[in-house]
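Right, one structure below, let's go through it.
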Amino acid sequence: MTPPAKRSRTRRAAALAADESAASAAAPTASAADTGAAKPRRARAKAELQREEAGEAEAVAATAETEAVAAAVEEGVSAQETGEGAPAGAGGAPTMAEAAPAADKPRRRRTRAEAAARAGDASPGAGSAKQPRVAKVRAAHDTRHGEAGKATVVDAQGKVIDAVALNAGRFNVVPKVDVLHLAVRAEQAARRRGTASSKTRGEVSGSTAKLYRQKGTGRARAGSVKSPTRSGGGIAFGPHPRDYEMKVNKKVARQALAMALSDRALGGDIYVARGLDLDRPSTARLNEFLVNLDIAVPVLVITDDEEVVAKSARNLRYAECAEARTLSTEQVLRARSVVMTEKALAVLNEA
Numbered sequence: 001m002t003p004p005a006k007r008s009r010t011r012r013a014a015a016l017a018a019d020e021s022a023a024s025a026a027a028p029t030a031s032a033a034d035t036g037a038a039k040p041r042r043a044r045a046k047a048e049l050q051r052e053e054a055g056e057a058e059a060v061a062a063t064a065e066t067e068a069v070a071a072a073v074e075e076g077v078s079a080q081e082t083g084e085g086a087p088a089g090a091g092g093a094p095t096m097a098e099a100a101p102a103a104d105k106p107r108r109r110r111t112r113a114e115a116a117a118r119a120g121d122a123s124p125g126a127g128s129a130k131q132p133r134v135a136k137v138r139a140a141h142d143t144r145h146g147e148a149g150k151a152t153v154v155d156a157q158g159k160v161i162d163a164v165a166l167n168a169g170r171f172n173v174v175p176k177v178d179v180l181h182l183a184v185r186a187e188q189a190a191r192r193r194g195t196a197s198s199k200t201r202g203e204v205s206g207s208t209a210k211l212y213r214q215k216g217t218g219r220a221r222a223g224s225v226k227s228p229t230r231s232g233g234g235i236a237f238g239p240h241p242r243d244y245e246m247k248v249n250k251k252v253a254r255q256a257l258a259m260a261l262s263d264r265a266l267g268g269d270i271y272v273a274r275g276l277d278l279d280r281p282s283t284a285r286l287n288e289f290l291v292n293l294d295i296a297v298p299v300l301v302i303t304d305d306e307e308v309v310a311k312s313a314r315n316l317r318y319a320e321c322a323e324a325r326t327l328s329t330e331q332v333l334r335a336r337s338v339v340m341t342e343k344a345l346a347v348l349n350e351a
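For the sequence shown, our numbering begins at 1 and goes up steadily by one.
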């Protein structure tokens with residue numbers, strides 16, 4: 001069946017031929033003016049027909065070229081995958097860069113093995129096996145600069161003198177973001193007072209009588225002076241006293257604290273102060289000790305019933321003091337460095 005475009009061109013060509021034959025037959029009787037008017041029309045029709053034929057030829061040539069390039073590329077890819085034939089670019093099938101135009105290079109979809117090898121999750125040809133998420137976290141956890149199971153011991157002048165062993169169950173646990181998030185949310189919620197309160201329209205004091213008659217005043221209708229839409233009225237859906245406490249299992253809370261301490265220990269950010277015996281509270285002496293340590297701030301100072309050290313640290317804006325027995329996960333995560341006394345370390349190692 002002839003395509004519509006070709007049928008239209010055929011009709012125009014036939015009409016043009018008929019016009020030419022009619023013009024040649026009527027030439028002896030036609031005037032010079034009529035002949036001059038017919039020539040431009042025939043010339044325009046012939047030029048239009050030639051342009052359409054040229055465009056069709058170009059389209060056919062472009063289609064043939066594209067098919068040839070695609071066939072060459074497909075042949076080259078199949079030869080490379082099977083390992084047969086001449087290598088690409090060396091007299092055999094052309095490479096994709098050689099065969100395809102720069103504007104539109106055909107792209108081949110990667111296999112799962114290739115994608116995994118490219119991402120670094122598996123070696124080429126090892127299938128689509130992925131490294132478990134826990135293993136990834138542990139691998140990243142082990143690349144920190146701290147030494148697992150060790151803490152730095154410093155003297156009262158802030159000089160490093162030794163290293164002390166840490167309890168692996170408290171200071172060498174792989175952190176889990178969901179556990180830390182749950183524990184911190186529970187600690188923050190427990191600190192909320194929950195005493196915000198407002199009065200509804202039933203609790204506001206005032207008359208319940210209708211302010212004025214329903215109709216005839218020209219004003220908007222009003223029923224009660226205690227309506228939430230009026231100034232001084234009740235509050236719609238306002239806050240009321242409530243308990244924000246969230247339940248977290250004791251084991252989960254202990255695990256979250258161990259994860260936070262482990263993260264600081266593996267980062268090399270836990271320091272044990274030996275001989276830091278202050279006879280009286282002295283912010284200046286403790287500040288000098290922390291400055292000599294040259295550690296990242298904010299600093300968490302952990303003590304165990306050592307009131308002198310706690311009072312010395314509470315006036316430093318970059319330091320926070322906490323008791324070892326009441327230590328929270330949020331306090332450890334908020335600090336970039338942790339300094340604890342030997343008594344506090346003994347309490348944390350036993351927990």
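For every residue, glycine included, the Cβ atom is placed at its ideal position computed from N, Cα and C. Quantities reported herein were computed from a predicted structural model and do not represent experimental measurements.
Measure from the C-beta of residue i to each C-beta in chain C and report whether the shortest distance is under 8 Å.
i: Leu278; result: Here chain C cannot be found, since the structure has a single protein chain.
Which residue comes first and which comes last in the beta strand (DSSP E) that contains residue i?
i: Ala272; result: Per the sequence shown, residue 272 should be read as Val rather than Ala. Start and end: 270-273.
i: Ala322; result: 319-323
i: Thr152; result: 150-154
Starting from the C-beta of residue i, find all residues in its chain whose C-beta is less than 8 Å away, skip the five residues before and the five after it, and write them out in chain order.
i: Val252; result: Val179, Leu182, Ala183
i: Glu342; result: Val272, Ala273, Arg274
i: Arg280; result: Val308
i: Glu320; result: Pro298, Val299, Leu300, Val301, Ala313, Gln331, Arg334, Ala335
i: Gly194; result: Pro241, Arg242, Asp243, Tyr244
i: Leu211; result: Ala222, Gly223, Ser224, Val225
I need the boundaries of the alpha helix (DSSP H) containing residue i, first residue and last residue.
i: Met259; result: 250-266
i: Ala387; result: For residue 387 there is no data in the structure shown, the boundaries of the chain being 1 and 351.
i: Phe289; result: 283-293
i: Val347; result: 342-350
i: Val309; result: 307-313
i: Gly169; result: 168-171
Which one or two residues does DSSP pair with residue i in a beta bridge?
i: Arg231; result: A quick correction: the sequence has Ser, not Arg, at residue 231. Answer by DSSP bridge pairing: none, since Ser231 is not bridged.
i: Ser337; result: Val299
i: Asp162; result: Val153
To which residues of the same chain is residue i closer than 6 Å at the C-beta, ignoring the five residues directly before and after it?
i: Val173; result: Ala258, Met259, Ser262
i: Arg221; result: Gln214
i: Phe289; result: Gly158
i: Thr283; result: Ser312, Asn315
Who are the Cβ neighbours of residue i in its own chain at under 7 Å, not counting the five residues just before and after it?
i: Pro87; result: Since pLDDT at Pro87 reaches only 48, below the 50 mark, its modelled position is unreliable, and no value is offered.
i: Ala310; result: Thr303, Cys321
i: Asn287; result: Leu316
message = Using a Cβ distance threshold of 8 Å, determine whether the region 183-200 contacts the region 324-337, with at least three qualifying pairs required.
response = yes
task = Would you check if the region 226-245 and the region 198-205 touch, i.e. whether three or more CB-CB distances between them fall below 8 Å?
result = yes
key: Segment contact, 8 Å Cβ cut-off, at least three pairs: the region 290-310 with the region 156-168   = yes
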